[in-house]
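Below: the structure, in structure tokens.
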Amino acid sequence: MENINHTFAISAYKESPYLEECIQSLVSQKIKSKIIVCTSTPCEYIENIAKKYSLPYYIKTTKSDIQDDWNFAYNKADTDWVTVAHQDDIYNEEYSKVILETAKKYDDINMIYTDYMPILNGKTGKRDKNSKIKKVLRCPLLIPGFNKIKFVKKMTLALGNTICCPTVTYNKKRVGDTIFTSELKFSLDWDTFYKFACMKGRTVYINKPYAYYRIHDGATTKSFIVNDTRKYDDIYMFNKFWPKWITNLIMKVYVKAYDTYN
């Protein structure tokens, strides 16, 4: 294991029926990575699955909170490259291989992320209109000369969060520990990507789907839509890019993206 320089840090929460499928996709990687299981809601279910696959199991003893839980998982990784894996999602068997090959191309990468596809009712679904638009908005980062320019990096995020959080691998040597520092609850990943966009260094995008995110009623995203936290956070983020009157216009269209979880 001494030559492995990438970790999947799984942030596990309660008794997710999808956790084992996530782990199986990580164990099946063509290029092996370290895999750790971290939780702030310890239970026999999570512990037994970790034992089944002989994975290190870490318990956070403080109150469960998405941002703190992600930081805990991220900080427990002892490799240069870290992917905070979400327990509901799965990864293509070539994810690690593609990430580590890309990492060798430049010495100033802050983060690497890939395209993604949805999983609905246990099957890979089709892209909705919102996903197709986001794919187009990410395209400027495919140009090596552009993916290190702050303005370009920020503009790929100016019309919404175009990055699917579990597809991201972070360069710990460059971005350090405890990277999630947002005051937001839902859009904390978007806020984090904006922070990285303002930093020196590259945000590298791989234009192929090497990860699959699951849409289901138990998803945190859906609960935040129901209680309007997502709407508040989205307005906060758009105001970082635009005058308020433009934000109001964008939101009239953007809220339709919430239909993905209806």
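For what it's worth, the working numbering labels the leading residue of the sequence shown as 13, then goes sequentially. Built from N, CA and C at the ideal position, the CB exists for glycine as well. Bear in mind that the values here come from a model prediction, so they are computed numbers and not experimental data.
What ranges does the beta strand (DSSP E) occupy inside the stretch 124–205, keeping only unbroken runs of at least 3 residues that lie completely in it? 181–183
Helix, strand or coil for GLU27? Go by DSSP, reduced to three states. Within the sequence shown, numbered from 1, the residue matching residue 27 stands at position 15. Residue state, collapsed to three classes: coil.
Please report how far the alpha carbon of TYR25 lies from the alpha carbon of THR241, in whole angstroms. The residue given as residue 25 occupies position 13 in the sequence shown. The residue given as residue 241 occupies position 229 in the sequence shown. Answer to the nearest angstrom: the Cα atoms are 20 Å apart.
In its own chain, which residues sit with a C-beta less than 6 Å from the C-beta of PHE84, not counting the 5 before and 5 after it? Locating residue 84 in the sequence shown gives position 72, counting from the first residue. The answer, listed in chain order, is CYS50, LYS72.
State the start and end residues of the unbroken alpha helix (DSSP H) segment that holds THR114. Within the sequence shown, the letter at position 102 stands for residue 114. Unbroken alpha helix (DSSP H) run through THR114: 107–115.
Distance, Cα to Cα, LEU31 vs TYR224? Start at 1 with the first residue of the sequence shown, and residue 31 comes out as number 19. Start at 1 with the first residue of the sequence shown, and residue 224 comes out as number 212. Cα-Cα distance, rounded: 14 Å.
Between which two residues does the beta strand (DSSP E) harbouring LYS220 extend? Working through the sequence shown from its first residue, we reach residue 220 at position 208. Counting along the chain, the beta strand (DSSP E) containing LYS220 begins and ends at 214–227.
Which one or two residues does DSSP pair with ILE121 in a beta bridge? In the sequence shown, counting from the first residue as 1, residue 121 sits at position 109. Its beta-bridge partners are ARG214.
Could you check where the beta strand (DSSP E) with TYR69 kicks off and where it finishes? Indexing the sequence shown from 1 puts residue 69 at position 57. Unbroken beta strand (DSSP E) run through TYR69: 69–71.
Where PHE163 and PHE208 are concerned, what is the direct C-alpha to C-alpha distance, given to the nearest angstrom? Position 151 of the sequence shown holds residue 163. Position 196 of the sequence shown holds residue 208. Roughly 12 Å between the two C-alpha positions.
Could you check what DSSP says for CYS34 in three-state terms: helix, strand or coil? As a working mapping, residue 34 is identified with position 22 in the sequence shown. In the structure shown, CYS34 sits in a helix (DSSP, three-state: H, G or I).
Can you name the residues that DSSP bridges to LYS46? On the sequence shown, residue 46 is found 34 positions in, with the first residue counted as 1. Answer by DSSP bridge pairing, in chain order: THR19.
Spatial neighbours of LYS117 within its chain, please: CB distance less than 6 Å, with the 5 preceding and 5 following residues excluded, ordered by chain position. For the purposes of this step, residue 117 is identified with residue 105 of the sequence shown, where counting begins at 1. Around LYS117: no qualifying Cβ.
What does the Cβ neighbour count give for VAL187, buried or exposed, with the cut at 16 atoms within 10 Å? As a working mapping, residue 187 is identified with position 175 in the sequence shown. Buried: at least 16 other Cβ atoms inside 10 Å.
What are the partner residues of ILE102, as DSSP defines its beta bridges? Sequence index remark: in the sequence shown, residue 102 carries index 90 (1-based). DSSP lists TYR224 as partners of ILE102.
State yes or no: is the C-beta of TRP82 within less than 8 Å of the C-beta of VAL96? The residue given as residue 82 occupies position 70 in the sequence shown. The residue given as residue 96 occupies position 84 in the sequence shown. Yes, the pair counts as a contact, with Cβ atoms nearer than the cut-off.
Under the three-state DSSP convention, the category ALA97 falls into: In the sequence shown, the residue the question calls residue 97 occupies position 85. In the structure shown, ALA97 sits in a strand (DSSP, three-state: E or B).
To the nearest angstrom, how far is it from the Cα of PHE236 to the Cα of THR174? Locating residue 236 in the sequence shown gives position 224, where the first residue counts as 1. Locating residue 174 in the sequence shown gives position 162, where the first residue counts as 1. The predicted position of PHE236 is uncertain, since its pLDDT is 45 and thus under 50; no value can be drawn from it.
Selected residue, minimal CA-CA separation from TYR65, among THR215, LYS42, GLN36: For the purposes of this step, residue 65 is taken as the residue at position 53 of the sequence shown. The option with the nearest alpha carbon to TYR65 is GLN36.
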